[in-house]
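Trainee:
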Amino acid sequence: MSSTVDSPGDAARQPLIALLSGAGISTDSGIPDYRGPNGVWRRDPEAEKLVTYDHYMTDPEIRRRSWLMRRDGPALKARPNAAHEAVARLARSGVPVRVLTQNVDGLHQLAGMPDRKVLELHGTARTALCTQCGARTPMADALARVTAGEPDPKCLDCGGIMKSATVMFGEQLDPEVLGAAVTVAKSCDVFVAVGTSLSVQPAASLAGLAAEHGARLIIVNAEPTPYDALADEIVRDPIGEALPRLLADLHP
Numbered sequence: 065m066s067s068t069v070d071s072p073g074d075a076a077r078q079p080l081i082a083l084l085s086g087a088g089i090s091t092d093s094g095i096p097d098y099r100g101p102n103g104v105w106r107r108d109p110e111a112e113k114l115v116t117y118d119h120y121m122t123d124p125e126i127r128r129r130s131w132l133m134r135r136d137g138p139a140l141k142a143r144p145n146a147a148h149e150a151v152a153r154l155a156r157s158g159v160p161v162r163v164l165t166q167n168v169d170g171l172h173q174l175a176g177m178p179d180r181k182v183l184e185l186h187g188t189a190r191t192a193l194c195t196q197c198g199a200r201t202p203m204a205d206a207l208a209r210v211t212a213g214e215p216d217p218k219c220l221d222c223g224g225i226m227k228s229a230t231v232m233f234g235e236q237l238d239p240e241v242l243g244a245a246v247t248v249a250k251s252c253d254v255f256v257a258v259g260t261s262l263s264v265q266p267a268a269s270l271a272g273l274a275a276e277h278g279a280r281l282i283i284v285n286a287e288p289t290p291y292d293a294l295a296d297e298i299v300r301d302p303i304g305e306a307l308p309r310l311l312a313d314l315h316p
């Protein structure tokens with residue numbers, strides 16, 4: 065997936081809308097969130113080890129379990145829901161929209177957002193990456209090997225350990241992607257944080273950065289966030305209903 069977006073200056077004559085999306089936008093697609101009241105980490109704290117870099121790299125059993133989680137989990141089978149479609153629809157209408165997403169499911173792109181307008185802050189689960197040589201391959205190909213009997217498929221180029229091309233706990237965000245997201249946050253006119261607890265840094269700080277630079281901050285989330293005090297508007301309604309209505313109101 066793309067790590068760059070068009071310069072916000074390309075749309076200087078129209079207000080730029082930035083949308084920071086978190087796990088909550090994808091729950092209607094059947095992908096559970098992580099930190100909500102019924103989130104994955106709260107229900108099974110041990111599951112966090114499956115996406116923690118040090119555990120993954122040093123424990124073959126963790127890697128085997130991680131590959132089964134990728135194969136059997138809902139993320140790669142999910143389809144975009146009404147919220148994803150509303151974002152893509154707004155972009156197609158000619159309104160300048162940039163998506164900064166903490167999600168790794170690729171559902172914004174499947175809904176019709178061009179790669180160049182989406183910054184995947186935490187990477188993508190749709191690609192497998194070699195931790196040694198950096199080779200990339202479609203995740204579907206790696207999972208086919210798991211199904212065929214390889215519990216921990218190695219890189220076909222160098223034999224290195226493979227992982228999803230996501231940012232695991234203990235890894236740093238791609239500085240190029242984060243830098244582009246900061247640029248968008250500083251230059252947007254409206255910043256919508258949707259389905260995110262705004263508790264994971266540095267992604268969460270983008271909301272504060274946008275507000276500091278004069279953007280109208282709208283938070284759409286069922287639970288309170290650390291940035292609610294900065295928000296111009298807070299929406300607690302279900303995202304699948306609230307976001308299409310909200311984005312329709314933002315259409316000139």
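Numbering (the working numbering), first residue to last: 65 to 316.
Think of the CB as a built atom: it goes at the ideal place given N, C-alpha and C, for glycine as much as any other residue.
Since we're looking at a predicted model, the values are computed, not measured.
1. Between which residues of its own chain and residue 191 is the CB-CB distance below 8 Å, once the five residues before and five after are set aside?
2. Do residue 159 and residue 177 have their CB atoms nearer than 8 Å?
3. Compute the Euclidean distance between the alpha carbons of residue 139 and residue 93, then round it to the nearest angstrom.
4. Please work out which residues of its chain come closer than 7 Å, Cβ to Cβ, to residue 307, disregarding the five sequence neighbours upstream and downstream, and give them in chain order.
5. As an exercise, report each continuous beta strand (DSSP E) stretch of at least 3 residues that is fully enclosed by the segment 217 to 300, in chain order.
6. Beta-carbon within less than 8 Å of residue 142's beta-carbon, same chain only, minus the 5 sequence neighbours each way: which residues are those?
7. Tell me, to the nearest whole angstrom, how far the beta carbon of residue 241 is from that of residue 183; I am working on the premise that it is less than 8 Å.
8. Go ahead and pull the three-state DSSP assignment for residue 89.
9. Roughly how many angstroms separate the alpha carbons of residue 83 and residue 300, rounded to a whole number?
10. Return the first residue and the last residue of the alpha helix (DSSP H) that residue 214 is part of.
11. Cutting at 8 Å between CB atoms, please list the residues of its own chain near residue 221, excluding the five before and the five after it.
12. Given a threshold of 16 other Cβ atoms within 10 Å of its Cβ, counted over all protein chains shown, does residue 78 qualify as buried or as exposed?
Mentor: From the atom records:
1. Along the sequence shown, one-based indexing puts residue 191 at 127. Correct list, in chain order: 65, 200, 201, 202, 203, 228, 229.
2. As a first step, residue 159 must be located in the sequence shown, where it is residue number 95. As a first step, residue 177 must be located in the sequence shown, where it is residue number 113. Their beta carbons are not under 8 Å apart, which means residue 159 does not touch residue 177 by this criterion.
3. Position 75 of the sequence shown, counted from the first residue, corresponds to residue 139. Position 29 of the sequence shown, counted from the first residue, corresponds to residue 93. C-alpha separation (whole angstroms): 9 Å.
4. On the sequence shown, residue 307 is found 243 positions in, with the first residue counted as 1. So the qualifying residues of the chain are 147, 150, 258, 284.
5. 226 to 230, 254 to 258, 280 to 284, 297 to 299
6. Residue numbering aside, residue 142 sits at position 78 when the sequence shown is read from its first letter. Result list for residue 142: 90, 93, 94, 95, 169, 171, in chain order.
7. If you number the sequence shown from 1, residue 241 lands on position 177. If you number the sequence shown from 1, residue 183 lands on position 119. Their Cβ separation, rounded to whole angstroms, is 5 Å, which keeps residue 241 and residue 183 in contact under 8 Å.
8. Stepping through the sequence shown from its first residue, residue 89 is reached at position 25. It is helical.
9. Walking along the sequence shown from the start, residue 83 turns up at place 19. Walking along the sequence shown from the start, residue 300 turns up at place 236. Whole-angstrom Cα-Cα distance: 17 Å.
10. By one-based count along the sequence shown, residue 214 stands at place 150. Element bounds for residue 214: n/a, residue is neither H nor E.
11. Position 157 of the sequence shown, counted from the first residue, corresponds to residue 221. So the list reads 194, 197, 199, once near-sequence residues are dropped.
12. On the sequence shown, position 14 is the one that residue 78 refers to. Classification of residue 78: exposed, given that the 10 Å Cβ count is below 16.
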